[in-house]
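*Asks:*
In mature numbering (1 follows the signal peptide of the UniProt record, and there is no 0), the protein residues as written are -17 to -1, 1 to 413.
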């Protein structure tokens, strides 16, 4: 009996140690799915919705965290606050941390995107797909380009966020049900990582830090309100939840803007705690910074997961598993070496250089965070000279302001004027 018991324990240990896809796909046998477009959500998710006071067809939003390799589906409850109803491990995303800049750079988008029913693709060759809407107004205003950036199945990515087929079946169902309930557009928020004080300190030397500070404003607005922020673009920058004196023009001058008083008070309290946490994190990571691993380094960590799968199945793993904290001097040396090797091969250099890392420590920024200068960011990230580098919001530098951008086809002054003001909507239930 003891031998049989040990064998059983060993078998269970092997099962738990295997590819996470094995456990996640066990809930749905795809061979039994007769209509993938109308496949209902699993009963355990519907039961969880009921417990949390959520209607099956209430609005949703989606959040992505690259570094953690995580995707969250958040759903509105009876108080119209959004909370997580499902979370998934992203099976594959390509490139490194940082935004998509141009077609062919293999980067997965970061930013705020609006998904309409037109973004759903039931006939995708990757089982099911949802177009992210890249490029949005911010991307277009900054000269960024690319097409067909998706959330899809098949676990293989070249600039997309790829899930397993079982995962995308559920994600598609969440979006479908929300649209059936009357939601016009679903906000997708794609972040490099969870924007905590510790993570901002760990990544403070990245050439993307100014762009990420801008995204953090929208992140903080959600953390305070638990509702998707109203996202606009002006002066080629995101702004969030702002009362404005006039219309927003993505490439034009920002109108006079103010933050709703109740929201401003909440953000001040939130930022006070953040400042304290940031100061503590600076002490904790003094002289250290995070090394962002390459896609190849991430793939090497999860290479064993491919065994037993179709050749197209290509999980990329998380940057947390493949990256590491390093002494700044050692990181400078590693970056310089990698850049030299890539230049020798004639490849594009998209990593921080020694010069950019040193420049990033030259001047303090918001909340005591270091600021890399635009020219050094452009050189380090290999961004063309005619592509503007996003800086902190000039209208409200001490508070976090961000918003989503709908696809260009629906971005008209008329549709923007019809959107219900966020601050009035929020105040109704306060």
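All C-beta atoms, glycine included, are put in the ideal place defined by N, C-alpha and C.
Mind the definition here: the region 136 to 147 touches the region 62 to 79 only if three or more C-beta pairs lie below 8 Å; say whether that holds.
*Replies:* Taking 8 Å as the limit for Cβ pairs, the verdict is that the region 62 to 79 does touch the region 136 to 147.
*Asks:* Helix, strand or coil for residue 145, going by three-state DSSP, please let me know.
*Replies:* Note: residue 145 maps to strand in three-state DSSP.
*Asks:* Below 8 Å on the Cβ atoms is my guess for residue 64 versus residue 210; work out the distance and round it to an integer in Å.
*Replies:* Going by Cβ atoms, the distance from residue 64 to residue 210 rounds to 7 Å, so yes, they are a contact pair.
*Asks:* Residue 47 and residue 58: beta carbons closer than 7 Å?
*Replies:* It is not a contact, given that the beta carbons lie outside the stated cut-off.
*Asks:* Which residue wins for smallest C-alpha separation from residue 193, given the options 82, 62, 123, 320?
*Replies:* Here the closest residue by C-alpha is 82.
*Asks:* Closest by CA to residue 181, which one among 130, 153, 257?
*Replies:* Among 130, 153, 257, the Cα nearest to that of residue 181 is on 257.
*Asks:* On a Cα-Cα basis, can you pick out the residue from 101, 148, 160 that is closest to residue 21?
*Replies:* For residue 21, the nearest C-alpha among the options comes from 160.
*Asks:* Kindly indicate the opening and closing residues of the beta strand (DSSP E) around residue 135.
*Replies:* Here the beta strand (DSSP E) through residue 135 covers 133 to 135.
*Asks:* Based on DSSP bridge pairs, tell me the residues matched to residue 172.
*Replies:* DSSP lists 46, 95 as partners of residue 172.
*Asks:* Who are the Cβ neighbours of residue 156 in its own chain at under 8 Å, not counting the five residues just before and after it?
*Replies:* Contacts found: 22, 23, 24.
*Asks:* I'd like the span of the alpha helix (DSSP H) that includes residue 415, first residue to last.
*Replies:* Here the chain covers residues -17 to 413 and nothing more, so residue 415 does not appear.
*Asks:* Label residue 26 either buried or exposed according to how many other C-beta atoms from any shown protein chain fall within 10 Å of its C-beta, with 16 as the threshold for buried.
*Replies:* Under this definition residue 26 is an exposed residue.
*Asks:* I think residue 19 touches residue 111, with their Cβ atoms under 8 Å apart; what is that distance to the nearest whole Å?
*Replies:* Confirmed, about 6 Å.
*Asks:* Helix, strand or coil: which one does DSSP assign to residue 181?
*Replies:* Helix, per DSSP.
*Asks:* Taking the alpha-carbon positions, what's the residue 301 to residue 72 distance?
*Replies:* If I take the Cα positions, the gap works out to 9 Å.
*Asks:* Is residue 92 near residue 168, with beta carbons less than 7 Å apart?
*Replies:* No, the Cβ-Cβ distance between residue 92 and residue 168 is not below 7 Å.
*Asks:* If you count every other CB in all the chains shown that lies within 10 Å of the CB of residue 250, and 16 or more means buried, which is it?
*Replies:* Under this definition residue 250 is a buried residue.
*Asks:* Let's test the definition: count the other Cβ atoms within 10 Å of the Cβ of residue 36 and tell me whether it reaches 16, buried, or not, exposed.
*Replies:* Exposed: under 16 other Cβ atoms inside 10 Å.
*Asks:* Measuring only the C-alpha atoms, how far is residue 196 from residue 12?
*Replies:* Going by the C-alpha atoms only, they are around 42 Å apart.
*Asks:* Report the rounded CA-to-CA distance for residue 234 versus residue 214, giving the unit in angstroms.
*Replies:* Each residue's alpha carbon lies about 15 Å from the other.
*Asks:* When the Cα of residue 152 is compared with those of 319, 165, 135, 85, which residue comes out closest?
*Replies:* It is 135 whose Cα lies nearest to the Cα of residue 152.
*Asks:* Per DSSP, which residues does residue 223 bridge with? Please list them.
*Replies:* Paired residues: 214.
*Asks:* Look up residue 152 in the DSSP assignment and say whether it is helix, strand or coil.
*Replies:* Residue state, collapsed to three classes: helix.
*Asks:* Let me know if residue 199 comes out buried or exposed under the rule of 16 or more other beta-carbons within 10 Å of its beta-carbon.
*Replies:* Buried is the call here.
*Asks:* Measure the C-alpha to C-alpha separation of residue 55 and residue 269 and round it to an integer number of angstroms.
*Replies:* Rounded to the nearest angstrom, the two C-alpha atoms are 32 Å apart.
*Asks:* May I ask you to report which of helix, strand or coil DSSP gives residue 198?
*Replies:* The answer is helix: DSSP assigns residue 198 an H, G or I state.
*Asks:* Based on the DSSP output, what are the partners of residue 57 in its beta bridges?
*Replies:* Per DSSP, 44, 67.
*Asks:* Mapping DSSP to helix, strand and coil, what is residue 75?
*Replies:* Note: residue 75 maps to strand in three-state DSSP.
*Asks:* Could you tell me which residues DSSP puts in a beta bridge with residue 112?
*Replies:* Bridge partners of residue 112: 104, 135.
*Asks:* Does the count of Cβ pairs from the region 300 to 320 and the region 100 to 118 closer than 8 Å reach three?
*Replies:* Touching, no.
*Asks:* Exposed or buried, which one is residue 5 when buried takes at least 16 other CB atoms within 10 Å?
*Replies:* With a pLDDT of 35 at residue 5, under the threshold of 50, the predicted position of this residue should be treated as unreliable, though the coordinate-derived value follows. With fewer than 16 other Cβ atoms within 10 Å, it is exposed.
*Asks:* Report the three-state DSSP secondary structure of residue 208 (helix, strand or coil).
*Replies:* The answer is helix: DSSP assigns residue 208 an H, G or I state.
*Asks:* Residue 262: which of 183, 62, 113 sits nearest, CA to CA?
*Replies:* Taking only the C-alpha atoms, the option nearest residue 262 is 183.
*Asks:* For residue 34, does the three-state DSSP call read helix, strand or coil?
*Replies:* DSSP places residue 34 in helix when its eight states are reduced to three.
*Asks:* Do you know how far the Cα of residue 276 is from the Cα of residue 316?
*Replies:* Approximately 15 Å, taken between the alpha carbons.
*Asks:* The alpha helix (DSSP H) that contains residue 283, what's its start and end?
*Replies:* Run containing residue 283: 278 to 284, per the alpha helix (DSSP H) assignment.
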